[in-house]
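Chemist:
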Amino acid sequence: MKVKKAIIPAAGLGTRVLPATKAMPKEMFPIVDKPAIQYIVEEAVNSGITDILIILNRGKSIIEDHFDKSPELELNLLSSGKEKFYDEINSISNLANIYFTRQKEIKGLGHAVNCARTFVGKDPFAVLYGDDVIIGKDPACAQLIRVYEEFKKPVLGISKVPKEDISRYSSLEVKNIRDNIFSCSNMIEKPNEDEIMSLYSILGRCVLTSDIFDILDVTAPGAGGEIQLTDAMKTLAKRSGMMAVEFTGTRYDMGNKLGIMKANVEVALQNNEIGKDFRKYIESVINNT
Ligand code: UTP
């Protein structure tokens, strides 16, 4: 079955980047001139996704506005001859069928995913974490969908993380099948030193089957007192097997300060309009410090 649905959990409190997130969702932070969540929606659309559910909470309705039509702005752009901007603004509201729901209490990523049960029905679906932007020629979500379609099993997007950082991520037991494709038999969220199975961790993307919802219903709070998606995926892996793909592309964590700055610097350097001037500027800053 083709994967046509995706969910984007974007209800987290973003405490690591306070005070910026006090009134502004981190998913709306710009990378040069586009909010992070638009990169993610575009990745989903470029992966063949047609229906997207974005999971929000109170105070994040600015995300709904961003993907809505904006008649006043559009009219103004047209009447002042700014057709290029008009086309761009108009296309945002036509990217895909985008739906919104609210996670009423912020109880963790697993709890957020469980809010998508009705939207998903019995279909397989992709999860794109709302603060993980992945930029690359081959969309990361499409890479996972291809593995799902070949092996007919849930798929995790994985990457190696430095040993000193693994306790902040998850750790997976994986076996290489070929190239960048693995099978995954076990996982743990935020491992202690003696629980590390490998330096491979789940980073920002997965393709799941609807079996996950019954598992999430009975998943107790785990690391940090949150209902962890990793704990439910571990049960799913043991029950039906699971695949993993070490995706290509550069991942930017928009939930932490360094990630936000890396994303902006790297994307600005590649930007057609400001790239050259920005490079000169960065060089001058480095030479003067
Ligand atoms: P994170 O753990 O990175 O986000 O979740 P957070 O909870 O906002 O982070 P901090 O620790 O407070 O800074 C990954 C993704 O899952 C969403 C977040 O919005 C983010 O996009 N999420 C997390 C939810 O939708 N609901 C939750 O209860 C938790």
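So the sequence shown is numbered by my numbering: it starts at 546 and just counts up by one. For glycine and all other residues, C-beta sits at the position ideal for the given N, C-alpha and C.
1) Going along the chain, which residues put their C-beta within less than 6 Å of some heavy atom in the ligand UTP?
2) May I ask you to report which of helix, strand or coil DSSP gives L753?
3) Please say whether C686 and A589 have beta carbons closer to each other than 8 Å?
4) Name the two residues that bound the continuous beta strand (DSSP E) containing M742.
5) Can you name the residues that DSSP bridges to E718?
6) Going by other Cβ atoms of all chains shown within 10 Å of its Cβ, with 16 needed for buried, is E498 buried or exposed?
7) Give the single residue among C729, A568, I757 and E709 whose Cα lies nearest to the Cα of N737.
8) Flag this pair as yes or no: are the beta carbons of T754 and G681 separated by less than 8 Å?
9) Which whole-angstrom value describes the C-beta separation of Y631 and L640, a residue pair presumed to lie in contact below a C-beta threshold of 8 Å?
10) With DSSP as the reference, label K550 as helix, strand or coil.
11) By Cβ distance, which residues of its chain are closer than 7 Å to I585, with the 5 residues on each side in sequence left out?
12) When you compare only the Cα positions, how much space is there between K547 and S615?
13) Between K698 and S785, what straight-line distance do the alpha-carbon atoms span, to the nearest angstrom?
14) Are the beta-carbon atoms belonging to V692 and M787 less than 8 Å from one another?
15) Under the DSSP definition of a beta bridge, which residues are partnered with S704?
16) Who are the near neighbours of K735 in its chain, counting only those whose CB is closer than 8 Å to its CB and skipping five residues on each side?
17) What's the gap between the Cα of G557 and the Cα of L618?
18) Among K605, T646 and A671, whose alpha-carbon lies nearest the alpha-carbon of S592?
19) Quick one: grab the DSSP three-state call for E650.
20) Output the distance between the C-alpha atoms of T834 and F645, rounded to the nearest integer angstrom.
21) Measuring only the C-alpha atoms, how far is R824 from N809?
22) My understanding is that V706 touches S743, with C-beta atoms under 8 Å, so please give their C-beta distance in whole angstroms.
23) Assuming G559 and G800 form a contact by the criterion Cβ under 8 Å, report the distance between their Cβ atoms to the nearest whole angstrom.
24) Distance, Cα to Cα, R723 vs V830?
25) Can you tell which of P570, A551 and I576 has its C-alpha closest to the C-alpha of A813?
26) Which class does K821 belong to by DSSP, given the choice of helix, strand or coil?
27) Residue range of the alpha helix (DSSP H) that V586 falls in?
Modeler: A quick look at the data gives this:
1) Here the residues come out as P554, A555, A556, G557, L558, G559, T560, R561, I600, Q648, I651, K652, G653, L654, H656, A657, Y674, G675, D676 and G800.
2) strand
3) Going by C-beta atoms, A589 is nearer than 8 Å to C686.
4) From DSSP, M742 is part of no beta strand (DSSP E); its letter is neither H nor E.
5) Looking at the DSSP assignment, E718 forms a beta bridge with N731.
6) No answer is possible for residue 498: it lies beyond the span of the chain, which begins at 546 and ends at 834.
7) E709
8) Cβ distance not < 8 Å, so T754 and G681 don't count as in contact.
9) Contact flag wrong, Cβ pair sits at about 16 Å.
10) strand
11) So the list reads I553, L673, G675 and V678, once near-sequence residues are dropped.
12) Near 32 Å, if we compare the C-alpha coordinates of S615 and K547.
13) The straight-line gap from Cα to Cα measures roughly 7 Å.
14) no
15) S746
16) S712, R713, Y714, S715, A768 and G769
17) Approximately 30 Å, taken between the alpha carbons.
18) A671
19) coil
20) 46 Å
21) 12 Å
22) That pair is no contact at about 10 Å.
23) Confirmed, Cβ separation roughly 6 Å.
24) 44 Å
25) Closest in alpha carbon position to A813, among P570, A551 and I576, is I576.
26) helix
27) A581 to V590
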